[in-house]
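Student: Dumping the structure here so I can ask a few things about it.
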């Protein structure tokens, strides 16, 4: 009996204590009298990597997979439904790859024995997304032997083989000739295919069979997928890092991303296997290759389009250390270093320079105004530091104003991280890239990570981060609300430390619903739709409300880094004349907050933007893409302190007009 009374008393005490904590009003003081530091325009940006079919099959709007027959299996992606390997196929025909040894390219030779029986079908990237009444531009190269084929018929077909769009080409020459046509879809289909049939019998050679929507971003011919770029544009990002992380390194050095092979005529760019195609046993994608239709010129152009600083990352002569870790000897680094120097010339050089002329010939005479370049991705150890020194010396000798991004390895702590930070600090490194794929709890507990960083040391690029709901590289990770608001809590710490943190970006950026390798991801898409995850909207809230000047926001003289499960940061926007306060409540109950603004004369109206969901496991989906999205309303500014009620599990942005 006595124990029961004690237990009841203890429980009641805990409940009263919990009620008392939640009933307390947290008073926060915002000091608008002085600027701690200027917020960098690059504070919140984007990290693009060609993982999860983000380029081919995603951002790059090409609908044909293996358009130039250059995959390791040259007919991968192509079907011949009426053709059998063990038959002469007299009632149909057959296609076979032909390799040109001189330039190591491949084309497709089609033998049509019976035009009524033969068909060649491309499956697209897990199908082709086509929309009713939309126009699609087709192009191909053909060499018609002995003028045997009178017509090439190209059809869009649905999953039941029904024709939903058709066009034709008359191949007039025995020599390689470019042909174009257009198809208008009569239905909306997410899993359409392209079917090619022929009139006549004989031999015809085909290559670079391509199909793009006419409606691309900025209506550029054979350009980028409009809805995906719009999501990037709506972020108002400060920078775009490309072409990725591990994809830069390659499994071996010969597999590394070589930017020079990604520029110039699209037809001449060499197709390569994507390093993510068989990296994970949980999601093998052997049909994942890179056409490089989205190459460095297109990345620079995209950066310009969305108002972001371009931030290219290049190989430092080290293959991925999770794979082979192959090293280019120090005395053989010259080609790698030259690639970096030539890239700066490509981006910034006059049209009279070698690489500046190539940029100009591609349609951009004006320089891209490159300011940053990354050396390596997340390499670690003395081998990296030794190679970084070589790059730094060469780049600074020729381009002293270029800011070099160095790396601290794949983790936010441990001996590799400690060694890198120690050595890079000795070298007076300008900008160090830190990566963290950790639990939501880690993000909440590390909102003060940069509070004690040396203000005179290297500046920080939080280059890759995302809360992992299960564990790193686990296929069961979700883009749930707990991950998103935990990242928001951490981001208040990034913003509060804008003196040292100059760039930040979530990773990975996007994933195809049917062809991903890694989760979680900021943007999800299929062949017809796309949506921003809850994490996307957290990033967008911070990026579109970054302000110009960092202000102090404290509780009892201390930064709010999780006390009472609350987090906060504050900025001033000199352009819009606003005080912007970001508040994150990670508790399971609502909390009241009182804001005491010192040194700011406020107007009568403001804006409150709120991101919330009652369940930590909630997430946006294709079925409900707007489940967790910001809600904006007018806020009436009161005399004295501003009183706010912060819902459970919420991110709030309060914008107060100054006079």
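In the working numbering, the protein residues as written are 108 to 766. Even for Gly, the Cβ is constructed at its ideal location relative to N, Cα and C. Please read these numbers as outputs of a predicted model, since none were measured by experiment.
The beta strand (DSSP E) spanning residue 216 covers which residue range?
Tutor: 212-219 is the extent of the beta strand (DSSP E) around residue 216.
Student: Ordered along the chain, which non-local residues of its own chain (more than five positions away) have a Cβ less than 6 Å from that of residue 399?
Tutor: Answer for residue 399: 369 and 376, listed in chain order.
Student: Which whole-angstrom value is the C-beta distance of residue 591 and residue 642, which I expect to be below 8 Å?
Tutor: That belief holds up - the Cβ atoms of residue 591 and residue 642 are roughly 5 Å apart, short of 8 Å.
Student: Could you tell me whether the stretch 242-252 touches the stretch 308-321, using the rule of 3 or more Cβ pairs below 8 Å?
Tutor: In short, these stretches touch, since the Cβ pair count reaches three.
Student: Starting from residue 446, follow the alpha helix (DSSP H) in both directions and report where the run begins and ends.
Tutor: From DSSP, the alpha helix (DSSP H) with residue 446 extends over 441-455.
Student: Taking residue 234 as the reference, which of 264, 493 and 355 has the closest Cα?
Tutor: The candidate whose alpha carbon is nearest that of residue 234 is 264.
Student: Report, in whole angstroms, the separation of the C-beta atoms of residue 214 and residue 163, which I expect to be a contact under 8 Å.
Tutor: With a Cβ gap of about 19 Å, residue 214 and residue 163 do not count as contacting.
Student: Between which two residues does the beta strand (DSSP E) containing residue 560 stretch?
Tutor: Note, residue 560: premise wrong, no beta strand (DSSP E); not H, not E.
Student: So, with DSSP's three-state summary, where would you put residue 322?
Tutor: Reduced to three states, the DSSP call for residue 322 is coil.
Student: Starting from residue 643, trace the alpha helix (DSSP H) both ways and give me its first and last residue.
Tutor: Per DSSP, residue 643 belongs to the alpha helix (DSSP H) from 641-650.
Student: Determine the direct distance from the alpha carbon of residue 237 to that of residue 165, and round the result to whole angstroms.
Tutor: Taking the straight line from one Cα to the other gives about 14 Å.
Student: Can the beta-carbon of residue 481 be found less than 8 Å from the beta-carbon of residue 434?
Tutor: For residue 481 and residue 434, no; Cβs fall outside 8 Å.
Student: For a quick check, are the C-beta atoms of residue 593 and residue 736 less than 8 Å apart?
Tutor: Contact flag unset, no.
Student: Who are the Cβ neighbours of residue 140 in its own chain at under 7 Å, not counting the five residues just before and after it?
Tutor: Hits under 7 Å: 705 and 706.
Student: Any idea which residues DSSP pairs residue 286 with across the strands?
Tutor: BP columns for residue 286 point to 247.
Student: Determine the closest residue to residue 346 out of 413, 383, 385 and 447, with distance taken between C-alpha atoms.
Tutor: For the residues 413, 383, 385 and 447, the minimum Cα distance to residue 346 belongs to 413.
Student: Considering residue 464, what are the terminal residues of the alpha helix (DSSP H) in which it resides?
Tutor: Its alpha helix (DSSP H) spans residues 461-468.
Student: Just curious, the beta strand (DSSP E) that residue 540 is in, first and last residue?
Tutor: Where residue 540 is concerned, the enclosing beta strand (DSSP E) stretches over 538-543.
Student: What whole-angstrom Cβ distance do residue 761 and residue 644 have, given they're in contact under 8 Å?
Tutor: Actually they are not in contact, since the Cβ atoms of residue 761 and residue 644 sit about 17 Å apart, beyond 8 Å.
Student: Can you list, in chain order, the residues of its chain with a C-beta nearer than 6 Å to that of residue 456? Leave out the 5 residues immediately preceding and following it.
Tutor: Same-chain partners within the cutoff: 462 and 463.
Student: Could you compute how far the alpha carbon of residue 424 sits from the alpha carbon of residue 635?
Tutor: Going by the C-alpha atoms only, they are around 39 Å apart.
Student: If I follow the unbroken alpha helix (DSSP H) through residue 503, where does it start and stop?
Tutor: 489-505 is the span of the alpha helix (DSSP H), which, as asked, contains residue 503.
Student: At the level of alpha carbons, what is the spacing between residue 604 and residue 557?
Tutor: Near 6 Å, if we compare the C-alpha coordinates of residue 557 and residue 604.
Student: Here's a check: name, in chain order, each residue in its chain whose Cβ is nearer than 8 Å to the Cβ of residue 161, leaving out the five neighbours to either side.
Tutor: Excluding sequence neighbours, residue 161 sits near 155, 615, 616, 617, 618 and 619.
Student: Determine the direct distance from the alpha carbon of residue 570 to that of residue 589, and round the result to whole angstroms.
Tutor: If you take the alpha carbons of residue 589 and residue 570, they lie about 21 Å apart.
Student: Please classify residue 547 as buried or exposed, where buried requires at least 16 neighbouring CB atoms within 10 angstroms.
Tutor: Looking at its Cβ environment, which holds 16 or more other Cβ atoms inside 10 Å, residue 547 is buried.
Student: Quickly, what does DSSP pair residue 303 with across the bridge? List them, please.
Tutor: According to DSSP, which records beta bridges pairwise, residue 303 is partnered with 227 and 261.
Student: Between residue 662 and residue 132, what straight-line distance do the alpha-carbon atoms span, to the nearest angstrom?
Tutor: Rounded to whole angstroms, residue 662 to residue 132 spans 11 Å at the Cα level.
Student: Just the Cα atoms here: how many angstroms apart are residue 222 and residue 199?
Tutor: Cα to Cα, residue 222 sits roughly 7 Å from residue 199.
Student: With the cut-off set at 8 Å, would you say residue 239 and residue 323 are in Cβ contact?
Tutor: Taking 8 Å as the Cβ cut-off, residue 239 and residue 323 do not qualify as a contacting pair.
Student: Determine whether the beta carbon atoms of residue 627 and residue 576 lie at a separation below 8 Å.
Tutor: Contact: yes.
Student: Please tell me whether residue 274 and residue 288 are closer than 8 Å, where the distance is taken between their beta carbons.
Tutor: Cβ atoms of residue 274 and residue 288: closer than 8 Å.
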